[in-house]
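Take a look at the structure set out below.
2 protein chains.
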Amino acid sequence: MEKFPVTEKTEITRLPKRGVYDKEQVYGILDEALFCTVAFVRNGEPFQIPTGFCRIGNTIYLHGSVGSQYMRELATGIPVCISVMLADALVLARSAFHHSVNYRSVVAFSHGRKVDNKEELYKSLEVFTNKMCPGRWDDVRQPTEGEWKATMVLAFDLEEASAKVRTGPPKDDEEDYDLNIWAGLQPLKTERLPVQADPALKAGIAVPSYLK
Amino acid sequence: MEKFPVTEKTEITRLPKRGVYDKEQVYGILDEALFCTVAFVRNGEPFQIPTGFCRIGNTIYLHGSVGSQYMRELATGIPVCISVMLADALVLARSAFHHSVNYRSVVAFSHGRKVDNKEELYKSLEVFTNKMCPGRWDDVRQPTEGEWKATMVLAFDLEEASAKVRTGPPKDDEEDYDLNIWAGLQPLKTERLPVQADPALKAGIAVPSYLK
């Protein structure tokens, strides 16, 4: 079980037993999350952007327009912090104080590099598209030379990373378990609802099997 | 319709028609999102934390332990960037290039202040608890003096903020509408699933009506 090193930046100091450094667990959380936020420093102050992403090996990929200001900033290799969070349940304790959330989050640190290698560029967009919608890449019109030129892909090797995970029922103070207050979990889940055809869809095109 | 001023930090420069500065719209997105990420600068580098929050008026409230390192850092009033994102649908275009996401995001800038006023402290925890679980606050054991002392609440007045919103069907290149490729939306929704009782729940306590 390969682990990320515990560093000053990634050590979970608050509730340390929730800390996870196992790479496969960190990767699993990253693969389940469709969106991340990327934080960086601009003019000495914090800035962040929510965005889609994908992971291949130990690397996170973002893509955007070559005209995007923040993509160009990140391409210079400044330090970034990337986080994702999956909320699994609201933890409803007997006391207001012990209310909590069951969640799986990752906080990672890296420096971006612009992807110029065509194979890596192509692969990252394929993995990204199929992460958002498994099976989609092979079904759509592939990018033209001009579209590739308009797209910037940035790679972020995970230099330092850790996850934080809470699971299980509420933990109340011993004397509160006798109170006449309901306690438990309210699970949360991001659902994919049935697809809605584009009003401009050409007649006679069925919903692909991978979307059913 | 009161608006946030468009500033260098909050102007949507990439796809400006997606920019929203109307305060009520920004507040609506903040109220629907259960979680945000808070970014700040530590030792010159970016750092961020996903966390729950609530909004009252033009102020975002976070709470945590008085022992939390980042809460203590933020209490000093350093600049923060707070973001939320609601993902409404995957936008499945005919071309890989025009794939997108329907989303509503907010990026806001502020400086924290520690809440010492008891009325504001109490109100923020009540609003926070009822945001996570409407009706919960009046049903649970209220905080003791010791619990209040262990809790830190930080207030962030929204000094600069903007939202970015995409809605509607895919937008493909004119010539692609004739391709035999299915296009449309896959809506995403965060669902609250049926509650699960704590295995340690005292016998005879029914699920409260606000959780059904």
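In order, the protein sequence lines correspond to chains A and B. Heads up: the first sequence at position 30 corresponds to 29 in numbering that gives the first Met the number 0, and the numbers run straight through without jumps. Heads up: the second sequence at position 74 corresponds to 73 in numbering that gives the first Met the number 0, and the numbers run straight through without jumps. Glycine is no exception: its CB is placed at the ideal position from the N, C-alpha and C atoms.
What is the C-beta distance between residue i and residue j, in whole angstroms, given that I count them as a contact (C-beta under 8 Å)?
i	j	result
residue 96 of chain B	residue 146 of chain A	4 Å
residue 86 of chain A	residue 187 of chain A	5 Å
residue 140 of chain B	residue 180 of chain A	7 Å
residue 155 of chain A	residue 81 of chain A	6 Å
residue 184 of chain B	residue 90 of chain B	6 Å
residue 175 of chain A	residue 94 of chain A	5 Å
residue 69 of chain A	residue 134 of chain A	About 30 Å; that fails the 8 Å criterion.
residue 160 of chain B	residue 52 of chain B	Incorrect: roughly 14 Å between the Cβ atoms, too far for contact.
residue 153 of chain B	residue 74 of chain B	6 Å
residue 207 of chain B	residue 138 of chain B	6 Å
residue 123 of chain A	residue 165 of chain A	Contact doesn't hold; Cβ gap of about 32 Å is too wide.
residue 22 of chain A	residue 104 of chain A	The pair is not a contact, with the Cβ atoms about 16 Å apart (cut-off 8 Å).
residue 190 of chain B	residue 31 of chain A	Wrong, their Cβ atoms sit about 16 Å apart, outside the cutoff.
Taking Cβ-Cβ distances shorter than 8 Å, what residues in chain E pair up with residue i?
i	result
residue 188 of chain B	In the structure shown, chain E does not exist; the protein chains are A and B.
Helix, strand or coil for residue i, going by three-state DSSP, please let me know.
i	result
residue 114 of chain A	coil
residue 69 of chain A	helix
residue 154 of chain B	strand
residue 21 of chain A	strand
residue 162 of chain A	strand
residue 261 of chain A	The structure shown does not extend to residue 261 of chain A, since chain A spans only 0 to 211, so no value can be given for it.
residue 148 of chain B	helix
residue 168 of chain B	coil
residue 183 of chain A	strand
residue 201 of chain A	coil
residue 8 of chain A	coil
residue 16 of chain A	helix
residue 122 of chain B	helix
residue 190 of chain B	strand
residue 174 of chain B	helix
residue 44 of chain A	strand
Inter-stretch contact (C-beta, 8 Å, three-pair minimum) for the stretch 118-135 of chain B and the stretch 58-70 of chain B
yes
Given 8 Å, three or more beta-carbon pairs between the stretch 196-203 of chain B and the stretch 168-179 of chain A:
yes
Does the structure place the stretch 38-54 of chain B close enough to the stretch 112-122 of chain B that three or more beta carbon pairs sit under 8 Å?
no
Specify whether the stretch 6-23 of chain A and the stretch 6-13 of chain B touch according to this definition: at least 3 beta carbon pairs, one from each stretch, less than 8 Å apart.
no
Near-chain A residues of the stretch 154-186 of chain B (beta-carbon distance less than 7 Å), N- to C-terminal order
168, 169, 175, 176, 177, 178, 179, 180, 181, 182, 183, 184, 185 and 186
Going along the stretch 107-137 of chain B in order, which residues come within less than 8 Å of chain A, judged by CB to CB distance?
108, 124, 128, 131, 132, 135 and 136
Contacting positions in the stretch 71-91 of chain A - beta carbon closer than 7 Å to chain B:
78, 79, 80, 82, 84, 86, 89 and 91
Specify whether the stretch 41-55 of chain B and the stretch 100-113 of chain B touch according to this definition: at least 3 beta carbon pairs, one from each stretch, less than 8 Å apart.
no
Just by C-beta distance, which residues in the stretch 9-27 of chain B are closer than 7 Å to chain A?
12 and 13
Chain A contacts made by the stretch 26-40 of chain B, where a contact means CB separation under 7 Å:
33, 34, 36, 38, 39 and 40
Give, in chain order, every unbroken run of the alpha helix (DSSP H) that is at least 4 residues long and sits entirely within the stretch 46-113 of chain B.
68-74
Can you pull out the residues from the stretch 47-64 of chain B whose beta carbon lies closer than 9 Å to at least one beta carbon of chain A?
47, 48, 49, 50, 51, 63 and 64
Interfacial residues, the stretch 192-206 of chain B to chain A, with Cβ spacing under 9 Å
192, 193, 194, 195, 196, 197, 198, 199, 200, 201, 203, 204, 205 and 206
Interfacial residues, the stretch 138-150 of chain B to chain A, with Cβ spacing under 7 Å
138, 139, 140, 141, 142 and 146
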